[in-house]
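> Residue numbers (the numbering used here): 98 to 982.
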Ligand SMILES: [Zn+2]
Ligand SMILES: [Zn+2]
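1. Using the C-alpha atoms, what's the distance from residue 909 back to residue 835?
2. How should residue 537 be labelled, buried or exposed, when 16 other C-beta atoms within 10 angstroms of its C-beta is the threshold for buried?
3. Hey, quick one: how far does the beta strand (DSSP E) through residue 460 stretch, first residue to last?
4. Could you please give the first and the last residue of the uninterrupted beta strand (DSSP E) stretch that includes residue 434?
5. To which residues does DSSP link residue 306 through a beta bridge?
6. Among 613, 364 and 380, which has the Cα closest to the Cα of residue 158?
7. My output table needs one value for residue 791: the three-state DSSP class, helix, strand or coil.
8. When the Cα atoms are used, what is the spatial distance from residue 795 to residue 553?
9. Would you list the residues whose beta-carbon is nearer than 6 Å to any heavy atom of ligand 1, in the order they occur in the chain?
10. Would DSSP call residue 98 helix, strand or coil?
11. Are the beta-carbon atoms of residue 707 and residue 775 separated by less than 7 Å?
12. Within the present structure, is the beta-carbon of residue 520 separated from the nearest heavy atom of ligand 2 by less than 6 Å?
13. For a test of your reading of the model: does the CB of residue 536 fall under 6 Å from any non-hydrogen atom of ligand 2? Yes or no.
14. With DSSP as the reference, please indicate the residues paired to residue 895 in a beta bridge.
15. Taking a contact to mean a Cβ-Cβ separation below 7 Å, would you say residue 295 touches residue 442 in this structure?
16. Express the C-alpha separation of residue 802 and residue 98 in angstroms, rounding to a whole number.
17. Taking 6 Å as the cut-off, does the CB of residue 561 come closer than this to any heavy atom belonging to ligand 2?
18. Is residue 112 helix, strand or coil when you go by DSSP?
19. Rounded to whole angstroms, how far is the Cβ of residue 644 from the Cβ of residue 235, which I believe are closer than 8 Å?
20. Since I believe residue 524 is in contact with residue 501 (beta carbons under 8 Å), could you give me their beta-carbon distance rounded to a whole number of angstroms?
21. At which residues does the alpha helix (DSSP H) containing residue 495 begin and terminate?
22. Between the stretch 829-848 and the stretch 890-903, are three or more C-beta pairs nearer than 8 Å?
23. Can you determine whether any heavy atom of ligand 2 sits closer than 6 Å to the C-beta of residue 186, and answer yes or no?
24. Which first and last residues belong to the beta strand (DSSP E) in which residue 525 is found?
25. Is it buried or exposed, residue 957, if we count other Cβ atoms within 10 angstroms and call 16 or more buried?
26. Would you tell me roughly how many angstroms separate the C-alpha atoms of residue 202 and residue 402, rounded to the nearest one?
27. Can you check DSSP and say which residues form a bridge with residue 270?
28. Per DSSP, what are the beta-bridge partners of residue 277 in this structure?
29. So does residue 868 have its beta carbon nearer than 6 Å to some heavy atom of ligand 3?
30. How many Å lie between residue 534 and residue 522 at the Cα?
31. Is residue 761 helix, strand or coil by DSSP?
32. Just the C-alpha distance for residue 243 and residue 449, rounded to the nearest angstrom, thanks.
33. Taking the alpha carbon of residue 240 as the reference point, which residue from 376, 660, 950 and 180 has its own alpha carbon closest?
34. Tell me which residues share the same chain as residue 667 and place their Cβ nearer than 6 Å to its Cβ, disregarding the 5 neighbours each side in the sequence.
Now the structure itself:
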C-alpha cells in the first residue's frame, strides 16, 4: 500500500493540477445526487457575469465555497455546489454595442432580433471563459448542472414570477422619477447609482415677479433644469415671502408665468429660502408637484439632449445648454452670483456617467409587503448573517426600502410580458402573447419593448436552478440551500432580493446562512482597479505558485466580513508550506520498512511522544471540524498549518528519528504506524484548503484508494485522548525550546554538548528520565541531572524557568573560556572603533549644523547603543577573567 519511490523529489503544481482535476471530473466526484439516506448540503454559486474575467474577488469567493463543500462531502453529506452564469444585461449589451461600433453599426440599424442573435453568439464565444477559469481554482461544482439566467428553465421561472407578482398587484407600471444613464441609455435602480463628490457650483438666479415688483432669488446646481420649472416654492412660515405666496413669477429665458407656492418641504432658512421646482427632473420636486397639481415638463431626451420643450436650447447637450443658459442669464442681468460648491453627484455604477433623474413610465415591484417577511426571517434567525453585524445593514435598507424599478430600456434580457393593443390601447400581462385584443379583438398587438433588471432573474437563483416552478425531486431535496457565500457589496442587489423571492415563491427562506467576505485590496490597502492598474490576476498567481498556494494565501488570516490585503509574500510562504508537507511526507515514507504490517501494531508500545501526537491530532480534528462548522475558515487553516509545520514536522519527526533510524528498535512498527496515521489525518484536514497537493500525496500513499476527496473526514475518537502524555510532552518541549534559546543567545554551536541540571519536583523525575533521549538529541545535552534543590549549581549558570521546573546549564559547559575571552576582546576593540567614529562625527560642528535632523538623531542613538554594548562586553570580560584567576 505505501509507496514512497514514486513521489517526485519536489512538488510541481503545474505537473499535477490539471491531471488531478480531470480525474475528479471523469470519476464524477462533483456530482450532487439526490440520496435520501444522506442529509443534503447545498450551495448555489453567485453566478459570475458572462462578461466577467476571473479576479481576486471571484478567487476568494469560490475558494471559500469549495472549502465548505469539500468538507461537507467528506463528512458524508449529499453535497451539491450548483454553478452557473448571469446574462448581465447592461454589461453585456454595452460590450456588444461597443463591438458593433467598431464595425460602424448601431443596434437600431440591425434591429432587435439581429441584435439578440449577436448577443447569444457573443455568449457562446466568451460566456464560457469565466467557467473555465473557475475550474482552474479547483472548484468542485457539479458542472453538469451549470445554469444560465437566460436558459429555458430560468426564463420560465422569471415569467412565472412576473405573472404571479403582477396578479397579486405587487408589480405595477407607474410614472415616476427614475435614474437615467444617458450613456447606457436606460433607467437604473436606486442602488445602481453611486455617489461621487464633484466640484460644482451654486448658481444664484433672479426670477422677476410678474407684477414688476421685484425678484425672487433661487440657487441651483443644475441651471439647465430651469427650462422645466413649473413653480417656485417657499416655506409657509417664511416671513420673508409671506406676502408673495400665490403671486406669479416670470420664468427667465422661457418667459412664461409660474406660481409661487408654499410647502413644508422647503427648509426654513436654508439658502435663499426659495426653491425652484422642476417636477420632471427631481424626485422631491415630483412629489411636491403632485401636491400642488403642477405640470410635469420633461426638457431632455434619453441621451441627455435638450428636447423641444427647451425652446432655443433644443438639440443641445445638457452641459452645453448649461453653459449657454448661464451666459444668457448673465447677459440679462439675472445671474446674481456663482458660488463654488462640492456636492455628491449620482453616477451610473457601470459607466460613471452623471445620472439624470427624470420622469418616465417604468415597471416597479411594490416592496413593502415583500420586505416585511424578509425582515422577520432574519430577526427570527431563520437566515443568519456571518458576521452578524451585516444584519444591521440589511435591516436598515429593508426598513427604508423604496419600490424597485425593474424595467430597463435594453434588448438583452428577459422581455417584459406585457402586450399592448395598438388599436384601443388595452394592456394584457400574459405568459403567452395573445393572438388578439381581449377588448376590441384587434390583432395588432405589440409586446412591451423593455427588459427586466438582471437582478430580477438572479433573485430566483436558489430555486429556479433546481427546477422551479416544476416540483422536481432536486427542489424537494436540495432546497433550502445551506449557505450563501458572497461579498458585502451585493447584500442589497442580490441577497435581500433572494430572501424575499424565496419566501414569496417557495414559502421558505433560500438559505440558512449568509457568509459575507470583504474585498481583496492591494498591499497598500487600496481597492484593486483597472484605472490604478494595481489588480493582481489570480491566473498569474496560479501559474507562478500553484492553485493551492493561491487558495492558502486568500484564506489564511482571513476573517469573515473584513477586507484584506493581498500580499504576494503570502503566496511564497504558502508555496514553502506545500514544499514542507511534500518533503516531510517523502522523508517519512522513504524511512519506512518495506510493507509494514500495521495490523500487528501493539498499542502498549506507544511512547510518550506517540501518545502526545495522537492526542494532539485528535484535538486538532475536533477543533478544525468545529471551526469549519462555524465557517471560521481562516482560523481552521491556521490550526492545520501550525500543527503540520510545528507539531508534526518540527517536533514529532525529530523526536522519533532515532527509532526510525535504528533497525533494532522494537517500536519501529508503532512509530511508522503513528507517523502514517497522523499524516493522513493532516492531509484530510488540509484537503478542502489545498486540494491538489493533498490528493497527489494521498494517492501516492495509497495506491489502492481512489481519492482523498471522497475519503471520510476524520472524527474525534475518545480512545486517542492521552491527556497526561499530552501535557507531559508539552512540558518537555517547552523545556527543550528554552534550552535552545539559551544556547542560541550565547552562540553555542549544536556540536557543543552541555550538561543540563533540572530542578524540579520529584514527581517529574520519571518524566525527565523517560525523555532523556529527546533532550539529549534535541537540546544537545551531554547528561541530564535531576535534583530537587538548587544546591551545588554554579552561580553563573545560564538558566531558564518553565512552569514546573528550572533549567540550568553551567557556563563552563557552554563556552570555552579562553576562546570566549578572545572573541569578546575582539568585539570590545571593534566597538571602541565604532564609538570613536560616532563621537568624532557628532563633535564636528559642520556636520551637526548641516546634516538633516533625522541623521543626527540616528547617530546619537548609535552612540547610546554602542556605549551600552561596550559596557556589557566589558562586564562579561571581567567576569570571565576573574574566573580564570
Ligand atoms: Zn451608464
Ligand atoms: Zn384592443
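No residue lacks a Cβ here, since even glycine has one placed at the ideal position from N, Cα and C.
For this structure:
1. The C-alpha of residue 909 is placed about 18 Å away from the C-alpha of residue 835.
2. exposed
3. 453-462
4. 432-445
5. 346
6. 613
7. Secondary structure of residue 791 (DSSP, three-state): helix.
8. 45 Å
9. The set of residues whose C-beta lies within less than 6 Å of a heavy atom of ligand 1 reads, in chain order, 278, 280, 281, 445, 447, 448 and 450.
10. Confidence in residue 98 is poor, its pLDDT being 44 and thus under 50, which makes the residue's placement unreliable; the coordinate value appears in the next sentence. Residue state, collapsed to three classes: coil.
11. no
12. Taking 6 Å as the cut-off, one finds at least one heavy atom of ligand 2 near enough to the beta carbon of residue 520.
13. yes
14. 906
15. Going by C-beta atoms, residue 295 is nearer than 7 Å to residue 442.
16. With a pLDDT of only 44 at residue 98, under the threshold of 50, the placement of this residue in the model should not be trusted; the figure read from the coordinates follows. Distance between the alpha carbons of residue 98 and residue 802 is about 9 Å.
17. no
18. helix
19. About 5 Å separates the two Cβ atoms, so the contact holds.
20. That pair is no contact at about 20 Å.
21. 487-496
22. yes
23. no
24. 524-526
25. exposed
26. 21 Å
27. 460
28. 284 and 453
29. As far as ligands go, the structure on display features ligand 1 and ligand 2 and does not contain ligand 3.
30. 9 Å
31. coil
32. Rounded to the nearest angstrom, the two C-alpha atoms are 32 Å apart.
33. 180
34. Excluding sequence neighbours, residue 667 sits near 650.
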